[in-house]
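Here the structure comes first, spelled out in structure tokens, and everything after it is commentary.
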Ligand SMILES: Cc1ncc(C[n+]2csc(CCOP(=O)(O)OP(=O)(O)O)c2C)c(N)n1
Ligand SMILES: [Mg+2]
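Numbering (this note's numbering), first residue to last: 7 to 400.
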């Protein structure tokens, strides 16, 4: 079995039992300590449990044909989203790929808005027009959910350029925000990713590219599809970008490791790259029969379960007891069950929603004319000068 697909190697090397198998020459973060407030630790456990319960109910709802289209669940990877978001400030932007429900919930989207989006209903975060792969939450600085592999990487660089420009050029102060841009290991082979890394390096953009390295792109193992799959830091070295390897099955490791990476990116306004070692327990999507990996491999990773790991540590440290755990389990179940009912009851978007929210509409709403209104063809063409900069039209 390869090193990357062996959790016992990934979790037990490097002393202390908690670090990933570290390729030499990489910066190492300190071993995780429990130096975190008990209520914060409990909230991380609850968030991870919420994501798993949410995903489990999504799978059921998909089978019940309440959810259509593609659906990629995040079960097994919960510690990554929760630990990374905990290392951010609320104003730091986040952009990700299509396996995005966990990021949305960790960032603060309500279970209702997330589930209604899954169901394609108007109560969803994108009014049901995006679905599973397009979770957006402007209030929580979540810029999607993107279905084209690697498409979010230039967006991540662009968002970091925008925040840096706003801070440094428009406000005349140091760059203050760090963008987290998540991608799968499969996206490493997209040209867009390399262009984004190049520009981020050239322009000193404060963006952290977090590779959720679950070892597979659909059914292809990383070593079959990606050069230097055993040491992804080589990709970053080519662009002069610092790389860090983090054990993504341990939320404490993720938080401690990412806190250092994010704060260095903030202080120096420089990009960073993280090889986040993790595993997805389920198939690539709901239609994946999972014939490309062994049951033995899956079981080994499941034994390193991120939720059980935190739960056990918190129990040992006296931060939770069995009553508290039971209450948390019930609470999370109730929240997700209620979200499913709410999503089910929410109306579908009306037909006129088809033309809304597609482009910014400085020339007014779509009128149905075959001639674009800005060319002067439509009867109610507003002149450019009549546009109110505050948003409405005079
Ligand atoms: C440009 C492009 N090529 C191919 C696909 C089809 N596709 C969807 S997901 C996927 C695998 C990506 O794997 P990875 O980046 O490792 O993410 P994971 O599913 O493991 O989270 C592929 C090839 C796509 N969506 N976009
Ligand atoms: Mg992958």
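Each residue gets a CB set at the ideal place from its N, CA and C atoms; glycine is no exception.
Exercise. Within 10 angstroms of the Cβ of residue 59, are there 16 or more other Cβ atoms? Answer buried if so, exposed if not.
Key: Within the chain shown, residue 59 is the residue found at index 53, counting from 1. A residue is called buried once 16 or more other Cβ atoms fall within 10 Å of its Cβ, and residue 59 is buried on that count.
Quiz prompt | Meets three-Cβ-pair contact criterion under 8 Å: the region 228-240 and the region 148-157 | solution = Contact between the region 228-240 and the region 148-157 is absent, with fewer than three C-beta pairs closer than 8 Å.
Exercise. Check whether the Cβ of residue 57 lies closer than 6 Å to any heavy atom of ligand 3, and answer yes or no.
Key: Absent from the structure shown: ligand 3. Ligands present: ligand 1 and ligand 2.
Quiz item: Is any heavy atom of ligand 2 found at a distance shorter than 6 Å from the C-beta of residue 106?
Solution: The residue you call residue 106 lines up with position 100 of the chain shown. Outside the cutoff, so no.
Quiz item: If we count the other Cβ atoms within 10 Å of its Cβ and call it buried at 16 or more, is residue 150 buried or exposed?
Solution: Here residue 150 corresponds to residue number 144 of the chain shown, with the count starting at 1. With 16 or more other Cβ atoms within 10 Å, it is buried.
Quiz item: Taking the alpha-carbon positions, what's the residue 317 to residue 99 distance?
Solution: Along the chain shown, one-based indexing puts residue 317 at 311. Along the chain shown, one-based indexing puts residue 99 at 93. Spanning the two alpha carbons is a distance of roughly 29 Å.
Quiz item: Are the CB atoms of residue 251 and residue 281 nearer to each other than 7 Å?
Solution: By one-based count along the chain shown, residue 251 stands at place 245. By one-based count along the chain shown, residue 281 stands at place 275. Contact: yes.
Self-check item: Run of the beta strand (DSSP E) containing residue 283, from where it starts to where it stops
Solution: Position 277 of the chain shown, counting from 1, holds the residue named residue 283. Where residue 283 is concerned, the enclosing beta strand (DSSP E) stretches over 278-283.
Quiz item: So is residue 340 buried or exposed if we call it buried at 16+ other beta carbons inside 10 Å?
Solution: As a working mapping, residue 340 is identified with position 334 in the chain shown. Flag for residue 340 reads exposed.
Quiz prompt | Three-state class that DSSP yields for residue 155 in the structure shown | solution = Sequence index remark: in the chain shown, residue 155 carries index 149 (1-based). Three-state result, residue 155: coil.
Quiz item: Counting pairs of beta carbons, one from the region 182-197 and one from the region 160-171, are three or more of them closer than 8 Å?
Solution: yes
Quiz prompt | Strand pairing of residue 223, partner residues [DSSP] | solution = Looking up residue 223 in the chain shown gives position 217. Beta-bridge analysis with DSSP links residue 223 to 226.
Exercise. Indicate whether the contact test is met: 3 or more Cβ pairs, each with one atom in the region 101-120 and one in the region 337-357, closer than 8 Å.
Key: yes
Self-check item: Beta-bridge pairing of residue 267 - partner residues as DSSP gives them
Solution: Looking up residue 267 in the chain shown gives position 261. Answer is none; residue 267 lacks a bridge partner.
Exercise. Determine, using beta carbons only, whether residue 198 and residue 159 come nearer to each other than 7 Å.
Key: For the purposes of this step, residue 198 is taken as the residue at position 192 of the chain shown. For the purposes of this step, residue 159 is taken as the residue at position 153 of the chain shown. Result yes, Cβ atoms of residue 198 and residue 159 sit closer than 7 Å.
Practice problem: Could you tell me how far apart the beta carbons of residue 202 and residue 244 are, in whole angstroms, since I believe they sit closer than 8 Å? | Solution: Position 196 of the chain shown holds residue 202. Position 238 of the chain shown holds residue 244. Their Cβ separation, rounded to whole angstroms, is 13 Å, which puts residue 202 and residue 244 out of contact at 8 Å.
Quiz item: Just checking, does the region 320-338 make contact with the region 88-96 on the three C-beta pairs under 8 Å criterion?
Solution: no
Quiz item: Where does residue 398 fall in DSSP's three states?
Solution: Here the question's residue 398 lines up with position 392 in the chain shown. Summary for residue 398: the model assigns pLDDT 41, below 50, so the residue's position carries little reliability; its value from the coordinates is reported in the next sentence. Reduced to three states, the DSSP call for residue 398 is coil.
Self-check item: beta strand (DSSP E) segments (min. 3 residues) lying fully within the region 289-365
Solution: none
Quiz item: How close, in whole Å, do the beta carbons of residue 142 and residue 134 come, if the pair is a contact with beta carbons under 8 Å?
Solution: Walking along the chain shown from the start, residue 142 turns up at place 136. Walking along the chain shown from the start, residue 134 turns up at place 128. That pair is no contact at about 12 Å.
Quiz item: For residue 218, does the three-state DSSP call read helix, strand or coil?
Solution: Stepping through the chain shown from its first residue, residue 218 is reached at position 212. Strand.
Quiz item: Just the Cα atoms here: how many angstroms apart are residue 43 and residue 88?
Solution: Residue numbering aside, residue 43 sits at position 37 when the chain shown is read from its first letter. Residue numbering aside, residue 88 sits at position 82 when the chain shown is read from its first letter. If you take the alpha carbons of residue 43 and residue 88, they lie about 16 Å apart.
Quiz prompt | Cα-Cα separation, residue 312 to residue 104 | solution = Here residue 312 refers to the residue found at position 306 of the chain shown. Here residue 104 refers to the residue found at position 98 of the chain shown. Answer to the nearest angstrom: the Cα atoms are 21 Å apart.
Self-check item: CB-CB length for residue 84 against residue 128, believed under 8 Å
Solution: Numbered from its first residue, the chain shown carries residue 84 at position 78. Numbered from its first residue, the chain shown carries residue 128 at position 122. Going by Cβ atoms, the distance from residue 84 to residue 128 rounds to 28 Å, so no, they are not a contact pair.
Exercise. Determine the DSSP secondary structure at residue 30, reduced to helix, strand or coil.
Key: The residue given as residue 30 occupies position 24 in the chain shown. Only weak support exists for where residue 30 lies, its pLDDT of 37 falling under 50; the value from the coordinates is given anyway. Three-state result, residue 30: coil.
Exercise. Output the distance between the C-alpha atoms of residue 267 and residue 361, rounded to the nearest integer angstrom.
Key: Walking along the chain shown from the start, residue 267 turns up at place 261. Walking along the chain shown from the start, residue 361 turns up at place 355. Computed Cα separation, rounded: 41 Å.
Quiz item: Among the residues of its own chain, which have a CB less than 7 Å from the CB of residue 288, if the five just before and after it don't count?
Solution: Here residue 288 refers to the residue found at position 282 of the chain shown. Excluding positions up to five away in sequence, the list reads 79 and 81.
Practice problem: Go through its chain and collect everything with a Cβ distance to residue 225's Cβ below 6 Å, but skip five positions before and after it. | Solution: Taking the first residue of the chain shown as 1, we reach residue 225 at position 219. Same-chain partners within the cutoff: 298.
Quiz item: residue 279: buried (16+ other C-beta within 10 angstroms of its C-beta) or exposed?
Solution: Position 273 of the chain shown, counted from the first residue, corresponds to residue 279. Classification for residue 279: buried.
Quiz item: Would you call residue 212 buried or exposed, if buried means 16 or more other Cβ atoms sit within 10 Å of its Cβ?
Solution: Locating residue 212 in the chain shown gives position 206, counting from the first residue. Label assigned to residue 212: buried.
Quiz item: Where do the N-terminal and C-terminal ends of the beta strand (DSSP E) with residue 251 fall, by residue?
Solution: On the chain shown, position 245 is the one that residue 251 refers to. Counting along the chain, the beta strand (DSSP E) containing residue 251 begins and ends at 248-253.
Quiz prompt | residue 175, DSSP secondary structure in three states | solution = On the chain shown, position 169 is the one that residue 175 refers to. The answer is helix: DSSP assigns residue 175 an H, G or I state.
Quiz item: Mind checking if residue 344 is an interface residue toward chain D, Cβ cutoff 7 Å exclusive?
Solution: In the structure shown, chain D cannot be found, because there is only a single protein chain.
Quiz item: Relative to the alpha-carbon of residue 191, which residue among 214, 219 and 208 has its alpha-carbon at the smallest distance?
Solution: The residue you call residue 191 lines up with position 185 of the chain shown. Of 214, 219 and 208, the residue nearest in Cα terms is 219.
Practice problem: Count the other CB atoms, across all protein chains shown, that sit within 10 Å of the CB of residue 300; report buried if there are 16 or more and exposed otherwise. | Solution: The residue labelled residue 300 in the question sits at position 294 within the chain shown. By the neighbour-count rule (16 or more Cβ atoms within 10 Å), residue 300 is not buried but exposed.
Self-check item: Rounded straight-line distance, which links the Cα of residue 131 to that of residue 146
Solution: Translated into the one-based positions of the chain shown, residue 146 becomes position 140. Translated into the one-based positions of the chain shown, residue 131 becomes position 125. Residue 146 and residue 131: Cα-Cα distance of roughly 11 Å.
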